[in-house]
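Notes follow once the structure below has been shown.
Residue numbers (my numbering), protein chains in the order written: chain A, 3 to 204; chain B, 3 to 204.
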C-alpha cells in the first residue's frame, strides 16, 4: 500500500483571513502544496499572477470548463473561480499533500465528487461585526460590496454543518497553530500511518 | 449545548515512551488533565505515589473492583492496573479534557463502554529492536521480563487496527508535536466548536 496524498480544503467567507493563514502555513509546512486557483477577477494590490491566482480572461476560463479541466468551479461576487483538476490527481497519486482554498459552493462540489478522503476545514471570523471591520480596513471594496460580502458570509456560515473542522480566526497565530495541528493530526490517522509501517511490524 | 470534555486514550507497549511523552504534553497543554491510574506493582526508581500512579495493595485494588469503581482494569505482566471511573465522568461533565494512559486491554474495555467519544491513540516504537534496546537501557527488567515485554508488544501491535491515530516514537520532540496536534485538532472538530459558537452566528 503506497501513501496517498491528503487533500485539505479550506473555505472561509471573503475577509475571513484565508490568504494570510495560507501564507503562514506553507512556510511552516513546506511539504504541503498549495493549489493555485484560476479566476476571472482582477488582481488586488499585492497579488501576483501564478502565486495567488492564475488571473485569466473569461473566455479562457470558459474553455477550461468546456474541456472539463476543473475539479470544481463557481461564480462568486460576479467573478469565476476554479480549481484545476490535473494538480489534484497528480499530487494525490504522488503522495503529496495538497491544500485548496475554495469557497463553500466549490467545496461542496468537491465533497460530492471525492467521497473518500478530503479534509474540509472552515475558517470563521470571530463575529460578523469583526468581518465587516476587516473588509472596511482592507479598503478594496465599496460600501455596497461590503454589505453583499457580509450577507454572503451569513449564508455561507449556514453551510458549515458538513465541514470536518472549524477554526475561529480570532488571533492569527492561534489559527495557524490550529490549521497546522489539523494537518499533522490527519497524517497520524491510522490508515495514513499503516500504509507506511506495515512492513515494519505486521 | 455545553462543551463536553474530550477523553484521549494513549496506549503503547511497555517501553514505548508513554511516560516521557505524557510528562511533556501536560507541560505544553496545562489545560489537559492526566488521569492517575491505580496499580498493584511497586514504584520504579523516580516514580512518585499520587503523581505517576496510585500505588495500592492488591486487597485495596480488589475492593475498588467490587465497588465498580473502575472504568477499566487489567492484569499486565502479573500486576493490576485500573482507571478510576469518577475522574472520567467528572471531567467530562465539567468540560475538561482528560488524557488516560492505558494498555491495550483496558483501552478495549473503554472503547466498548464509551461508544460515543474517546480518541484512541497508539504510540509505537520505530521497531521491535528499538523497543528491546529501550527496555535494556531502562535497566529495570530482567532478561526474561524483557523477552516477555517484547513478545507482548508484538501482540499488542496487532490490535492497533481499532485505534484512531498512530504515533511512531522515533524522535520524542516529533512524537510530542504529533500528540499535541491530535489534541488540538480534535478540539477543532465541527461538533466541538459548534457547541461554543452557536449563539454567535446561528
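Every residue, glycine too, gets a C-beta built ideally from N, C-alpha and C.
CB contact flag (residue i, residue j, <7 Å)
i                     : j                     : result
residue 123 (chain A) : residue 55 (chain A)  : no
residue 74 (chain B)  : residue 111 (chain B) : yes
residue 58 (chain A)  : residue 83 (chain A)  : no
residue 236 (chain B) : residue 109 (chain B) : In the structure as shown, chain B begins at 3 and stops at 204. Residue 236 (chain B) is therefore absent and cannot be evaluated.
residue 102 (chain B) : residue 17 (chain B)  : no
residue 100 (chain B) : residue 197 (chain B) : no
residue 190 (chain A) : residue 169 (chain B) : yes
residue 125 (chain B) : residue 20 (chain B)  : yes
residue 186 (chain B) : residue 144 (chain A) : no
residue 35 (chain B)  : residue 85 (chain B)  : no
residue 188 (chain A) : residue 121 (chain A) : yes
residue 71 (chain A)  : residue 87 (chain A)  : yes
residue 42 (chain B)  : residue 79 (chain B)  : no
residue 195 (chain B) : residue 161 (chain B) : no
residue 192 (chain A) : residue 10 (chain B)  : no
residue 179 (chain A) : residue 128 (chain A) : no
residue 134 (chain B) : residue 152 (chain B) : yes
residue 53 (chain B)  : residue 142 (chain B) : no
Helix, strand or coil at residue i [DSSP, three-state]
i                     : result
residue 28 (chain A)  : helix
residue 103 (chain B) : strand
residue 197 (chain A) : helix
residue 152 (chain B) : helix
residue 21 (chain B)  : helix
residue 191 (chain A) : strand
residue 46 (chain B)  : coil
residue 108 (chain A) : helix
residue 16 (chain A)  : coil
residue 143 (chain B) : coil
residue 98 (chain A)  : coil
CB contact check: residue i to chain A, cutoff 7 Å
i                     : result
residue 180 (chain B) : yes
residue 186 (chain B) : yes
residue 6 (chain B)   : no
residue 191 (chain B) : yes
residue 195 (chain B) : yes
residue 183 (chain B) : yes
Run of the beta strand (DSSP E) containing residue i, from where it starts to where it stops
i                     : result
residue 170 (chain B) : 167-170
residue 34 (chain B)  : 34-36
residue 13 (chain A)  : 9-13
Bridge-paired residues (DSSP) for residue i
i                     : result
residue 51 (chain B)  : B:55
residue 164 (chain B) : Partner(s): none; residue 164 (chain B) has no beta bridge.
residue 81 (chain B)  : B:78
residue 126 (chain B) : B:170
residue 121 (chain A) : A:10
residue 72 (chain A)  : A:86
residue 40 (chain A)  : A:56 and A:84
Interface flag, residue i vs chain B, CB-CB below 7 Å
i                     : result
residue 29 (chain A)  : no
residue 165 (chain A) : yes
residue 23 (chain A)  : no
residue 169 (chain A) : yes
Interface flag, residue i vs chain E, CB-CB below 7 Å
i                    : result
residue 16 (chain B) : Here chain E cannot be found, since the structure's protein chains are A and B.
Residue i, enclosing alpha helix (DSSP H) - first and last residue
i                    : result
residue 93 (chain B) : 87-95
residue 5 (chain B)  : Taken as a continuous stretch (DSSP letters only), residue 5 (chain B) belongs to no alpha helix (DSSP H), as it is neither H nor E.
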